[in-house]
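Below is one structure, written out as structure tokens, with a few remarks after it.
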Amino acid sequence: MVEPKYKKGIKTFIYHLLVLAGAFVMLYPLLWMFFSSFKPHEDVFGLGARILPVRWVFENYPYGWAGFGGISFSKFFSNSLVIAVVGTIGSVFSSALVAFGFARIKFKGRNFWFVCMMLTMMLPGQVTMIPRYIMFHKFGWIDTFLPLIVPHYFAQAFFVFLNMQFINGLPKELDESAYVDGCSRFGIFRYIILPLIVPSLATSAVFSFIWSWDDFMGPLLYLNKPALYPVSIALRMYSDPTALTNYGALFAMSSLSLLPILLIFIFGQRYLVEGISTTGLKG
Amino acid sequence: MADSRTAATETSRQGLWSRIVNNDNICGYIFIAPFIIGFLVFTIIPMGASLFLSFTKYDILGAPQWIGLQNFKTMFTQDPKFWKSFWVTVKYVFIAIPLRLLFALMIALVLSKDTKGTSFYRASYYLPSLIGGSIAIAVLWKRIFGTGSVINSLLAMLGININYSWIGNPKTALLTLIILAVWQFGSPMLIFLSGIKQIPRSYYEAARIDGASGGACFFRITLPLLTPVIFFNLIMQMITGFMVFTQGYIITEGGPLDSTLFYALYMYRQSFTYYNMGYGCAMAWFMLVIIAIMTSIVFKSSSAWVYYESME
Numbered sequence: 003m004v005e006p007k008y009k010k011g012i013k014t015f016i017y018h019l020l021v022l023a024g025a026f027v028m029l030y031p032l033l034w035m036f037f038s039s040f041k042p043h044e045d046v047f048g049l050g051a052r053i054l055p056v057r058w059v060f061e062n063y064p065y066g067w068a069g070f071g072g073i074s075f076s077k078f079f080s081n082s083l084v085i086a087v088v089g090t091i092g093s094v095f096s097s098a099l100v101a102f103g104f105a106r107i108k109f110k111g112r113n114f115w116f117v118c119m120m121l122t123m124m125l126p127g128q129v130t131m132i133p134r135y136i137m138f139h140k141f142g143w144i145d146t147f148l149p150l151i152v153p154h155y156f157a158q159a160f161f162v163f164l165n166m167q168f169i170n171g172l173p174k175e176l177d178e179s180a181y182v183d184g185c186s187r188f189g190i191f192r193y194i195i196l197p198l199i200v201p202s203l204a205t206s207a208v209f210s211f212i213w214s215w216d217d218f219m220g221p222l223l224y225l226n227k228p229a230l231y232p233v234s235i236a237l238r239m240y241s242d243p244t245a246l247t248n249y250g251a252l253f254a255m256s257s258l259s260l261l262p263i264l265l266i267f268i269f270g271q272r273y274l275v276e277g278i279s280t281t282g283l284k285g
Numbered sequence: 223m224a225d226s227r228t229a230a231t232e233t234s235r236q237g238l239w240s241r242i243v244n245n246d247n248i249c250g251y252i253f254i255a256p257f258i259i260g261f262l263v264f265t266i267i268p269m270g271a272s273l274f275l276s277f278t279k280y281d282i283l284g285a286p287q288w289i290g291l292q293n294f295k296t297m298f299t300q301d302p303k304f305w306k307s308f309w310v311t312v313k314y315v316f317i318a319i320p321l322r323l324l325f326a327l328m329i330a331l332v333l334s335k336d337t338k339g340t341s342f343y344r345a346s347y348y349l350p351s352l353i354g355g356s357i358a359i360a361v362l363w364k365r366i367f368g369t370g371s372v373i374n375s376l377l378a379m380l381g382i383n384i385n386y387s388w389i390g391n392p393k394t395a396l397l398t399l400i401i402l403a404v405w406q407f408g409s410p411m412l413i414f415l416s417g418i419k420q421i422p423r424s425y426y427e428a429a430r431i432d433g434a435s436g437g438a439c440f441f442r443i444t445l446p447l448l449t450p451v452i453f454f455n456l457i458m459q460m461i462t463g464f465m466v467f468t469q470g471y472i473i474t475e476g477g478p479l480d481s482t483l484f485y486a487l488y489m490y491r492q493s494f495t496y497y498n499m500g501y502g503c504a505m506a507w508f509m510l511v512i513i514a515i516m517t518s519i520v521f522k523s524s525s526a527w528v529y530y531e532s533m534e
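Protein chains in written order, with our numbering: chain A, 3 to 285; chain B, 223 to 534.
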């Protein structure tokens with residue numbers, strides 16, 4: 003039973019047509035937002051569902067970038083960047099360290115701590131939210147970036163798990179021969195394992211950065227001064243109807259806020275897909 | 223390698239130090255120390271504090287006042303908003319999560335065959351889930367489903383005329399948030415895709431030879447072998463579903479008429495708007511218990527529907 007060639011061709015054509023249509027529906031809101039950032043204010047809703055602008059304007063970007071309350075988006079973006087980058091560095095390296103401990107060293111109580119760690123993945127953050135706030139309040143860390151950065155330096159379960167999966171895939175003989183040569187555990191980690199798990203470090207970095215960049219509740223709790231706002235909070239303030247009359251500018255800044263994530267998506271897609279499929283991370 | 227040699231000889235020169243770094247028990251704990259410290263400081267102590275505070279009246283300025291079970295009594299018997307927010311969240315989780323997983327599974331099946339453009343398709347279906355958590359998207363959603371909205375002009379093209387704002391209407395406000403959640407089915411889709419890829423081709427070939435139809439292949443091979451993945455997704459998605467906050471906070475602000483007052487949102491307001499932190503902690507613990515019960519129900523039920531190959 004061989005299908006005639008033309009029949010197969012029609013089937014393939016319909017498949018692609020449907021999948022493309024679906025992809026368009028999925029991307030429609032994003033396309034609408036992006037192109038609306040080039041529409042004059044009155045056209046944003048005047049044109050309804052139409053994606054492409056009738057009159058192209060580019061003023062929305064400089065207008066939006068000027069920000070509000072005398073603080074421009076350069077400040078908000080640099081705040082976001084500092085929080086995300088400094089936090090990511092901590093979470094990538096502390097998680098790699100812990101992953102090596104769990105994956106390669108047999109010590110008493112290893113299973114107990116491992117189970118504890120896996121349980122933290124399932125713990126709803128809200129349970130610790132209030133006491134953490136009180137704690138950081140007592141430390142005098144409110145209105146600093148510290149509550150958003152410091153916890154990242156104590157390993158995150160998802161990334162530990164991800165790195166462990168990767169380390170478990172490396173032959174044990176590597177460590178053993180180095181060990182026989184007189185290399186310490188730290189030496190093995192630093193000079194043998196770390197260079198080999200660069201892909202899973204990259205995956206952790208990509209996710210950590212995106213989560214940090216998107217985080218809303220953390221900054222909402224801990225940052226009250228506009229000069230400290232990251233982009234997420236700034237956008238929310240900016241979208242407040244009382245503060246804003248220009249939707250084109252709002253969508254211009256919204257589009258820009260997605261830019262770092264889109265760049266990661268384009269250049270680091272491999273790491274994203276790998277991370278999701280090996281651990282079932284949420285994206 | 224030259225570096226590692228010098229590092230190694232240096233450490234072996236120092237007797238006690240080398241014994242420490244070569245002892246697995248000490249060494250293991252040094253490596254996992256960041257986790258243990260973080261776990262104690264940011265998880266265990268806060269959890270304990272939260273449990274203690276749930277029996278107190280506390281506004282962060284004064285000292286906590288022990289009031290026994292009063293917070294729980296108020297929650298269960300005198301606070302209609304508590305139950306409202308609870309049921310709104312349950313409704314959200316029970317509609318949005320199964321729908322999201324269903325879409326994820328269906329699209330994963332459609333995209334599982336490798337044809338031209340597959341990677342482009344996968345990317346476009348995945349993208350919304352990657353950026354869906356951004357504030358930009360929440361802000362956008364507010365405009366898409368608000369007054370004079372995009373969705374209404376889309377529907378008008380199809381000949382359906384609706385004039386109200388979806389977000390302003392208590393009947394549809396939650397629906398817009400559910401649509402937002404379902405739209406982000408991309409990451410479970412990728413998990414399903416990698417699960418489908420791991421199913422050996424030979425299973426299907428054998429089934430074909432025995433004359434099995436496409437439907438039979440799906441229900442007898444694909445679906446059973448994917449149940450562990452579905453199980454894992456269900457648990458993780460359910461937990462994150464119960465924690466939903468940002469969307470309700472930005473898009474609908476809990477309204478109209480509390481129709482989207484998510485549990486986490488109400489808890490946030492109690493704790494950080496009214497500074498009833500003791501009450502907030504009581505709410506947090508109640509949620510933890512509910513999630514634990516739900517999770518254990520799914521775990522218990524798993525023996526009936528999750529298929530593990532190794533058991534055969």
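A virtual CB, placed ideally from N, CA and C, is assigned to each residue, including glycine.
Environment of residue i [buried if 16+ CB atoms lie within 10 Å]
| i | result |
| --- | --- |
| A:Glu287 | Since the first residue shown for chain A is 3 and the last is 285, residue 287 of chain A is missing from the structure and cannot be characterised. |
| A:Ile190 | buried |
| A:Ala68 | exposed |
| B:Phe277 | buried |
| B:Thr474 | buried |
| B:Thr468 | buried |
| B:Lys206 | In the structure as shown, chain B starts at 223 and stops at 534, and residue 206 of chain B therefore has no counterpart that could be examined. |
| B:Arg430 | exposed |
| A:Glu231 | Looking at the sequence shown, residue 231 of chain A is not Glu but Tyr. By the 10 Å Cβ count, A:Tyr231 comes out buried. |
| B:Ala395 | buried |
| B:Asn247 | exposed |
| B:Tyr490 | buried |
| A:Asp217 | buried |
6 Å Cβ shell around residue i - same chain, five flanking residues per side excluded
| i | result |
| --- | --- |
| B:Pro256 | none |
| B:Glu534 | Confidence at B:Glu534 is low in this model, with a pLDDT of 39, below 50, so the placement of that residue should be treated as unreliable; the coordinate-derived value is given next. Nothing listed; no residue qualifies. |
| A:Trp143 | Pro149 |
| A:Val100 | Ala157, Val162 |
| A:Tyr260 | Going by the sequence as given, residue 260 of chain A is Leu instead of Tyr. Once the five neighbours on either side are set aside, A:Leu260 has no close Cβ partner at all. |
| B:Tyr529 | Pro446, Thr449 |
| A:Val88 | Ile151 |
| A:Phe78 | Tyr231, Val233, Ala236 |
Contact set for residue i: own chain, Cβ-Cβ below 8 Å, skip 5 residues either direction
| i | result |
| --- | --- |
| B:Ile329 | Tyr347, Phe407, Met411 |
| B:Ile289 | Phe277, Thr278, Lys279, Gly500 |
| B:Leu397 | Trp388 |
| B:Ser416 | none |
| B:Ile385 | The sequence given here places Asn at residue 385 of chain B; Ile does not occur at that position. Counting only Cβ-Cβ distances below 8 Å, and skipping sequence neighbours, we find Asn374. |
Cβ pair residue i, residue j closer than 9 Å
| i | j | result |
| --- | --- | --- |
| A:Ala254 | A:Gly11 | no |
| A:Phe168 | A:Ser202 | yes |
| A:Ser2 | A:Ser80 | Since the first and last residues shown for chain A are 3 and 285, residue 2 of chain A lies out of range. |
| B:Ile457 | B:Ile443 | no |
| A:Pro42 | A:Arg57 | yes |
| A:Lys108 | B:Gly250 | yes |
| B:Met516 | B:Tyr485 | no |
| B:Leu352 | A:Ile212 | yes |
| A:Arg134 | B:Pro302 | no |
| A:Leu29 | B:Leu349 | yes |
| A:Leu274 | A:Ile266 | yes |
Beta-carbon proximity list for residue i, same chain, < 7 Å, skipping 5 on both sides
| i | result |
| --- | --- |
| A:Trp215 | Ser82, Ala86, Pro262, Ile263 |
| B:Leu275 | Pro286, Met499, Gly500, Cys503 |
| A:Ser74 | Trp67, Ala68 |
| B:Ile357 | Ile472 |
CB contact below 9 Å: residue i versus chain E
| i | result |
| --- | --- |
| B:Asp432 | Checking the listed chains, one finds no chain E in this structure; the protein chains it contains are A and B. |
Inter-stretch contact at 8 Å, needing at least 3 Cβ pairs: the region 194-213 of chain A / the region 160-167 of chain A: Three or more pairs of CB atoms, one per stretch, sit closer than 8 Å, so the region 194-213 of chain A contacts the region 160-167 of chain A.
Chain A contacts from the region 343-354 of chain B (Cβ-Cβ distance under 9 Å): Tyr343, Arg344, Ala345, Ser346, Tyr347, Tyr348, Leu349, Pro350, Ser351, Leu352, Ile353, Gly354
Cβ contact check for the region 433-448 of chain B and the region 366-376 of chain B: 3 or more pairs under 8 Å: no
Members of the region 302-329 of chain B near chain A, C-beta cut-off 7 Å: Close to chain A, meaning a Cβ-Cβ distance shorter than 7 Å, is no residue of the region 302-329 of chain B at all.
Residues of the region 37-69 of chain A whose Cβ lies closer than 7 Å to any Cβ of chain B, in chain order: Phe47, Gly50, Ala51
Residues in the region 237-262 of chain A having any Cβ partner in chain B nearer than 9 Å: Listed by position, the residues of the region 237-262 of chain A near chain B (Cβ gap below 9 Å) are Leu237, Arg238, Tyr240, Ser241, Tyr249, Leu252, Phe253, Met255, Ser256, Ser257, Leu258, Ser259, Leu260.
Sufficient close CB pairs (3 or more, under 8 Å) joining the region 252-271 of chain B to the region 122-130 of chain A: yes
Residues within the region 97-116 of chain A neighbouring chain B, beta-carbon criterion of under 7 Å: Leu99, Val100, Phe102, Gly103, Phe104, Ile107, Lys108, Phe109, Lys110, Arg112, Trp115
Near-chain B residues of the region 122-133 of chain A - C-beta to any C-beta below 9 Å: Thr122, Met123, Met124, Leu125, Pro126, Gly127, Gln128, Val129, Thr130, Met131, Ile132, Pro133
Segment contact flag, the region 380-389 of chain B with the region 316-330 of chain B, C-beta cutoff 8 Å, min 3 pairs: no
Interfacial residues, the region 276-302 of chain B to chain A, with Cβ spacing under 9 Å: Tyr280, Ile282
Cβ-based contacts, 9 Å cut-off: residues of the region 164-193 of chain A near chain B: Ala180, Tyr181, Asp183, Gly184, Cys185, Ser186, Arg187, Phe188, Gly189, Ile190, Phe191, Arg192, Tyr193
Sufficient close CB pairs (3 or more, under 8 Å) joining the region 16-34 of chain A to the region 222-230 of chain A: no
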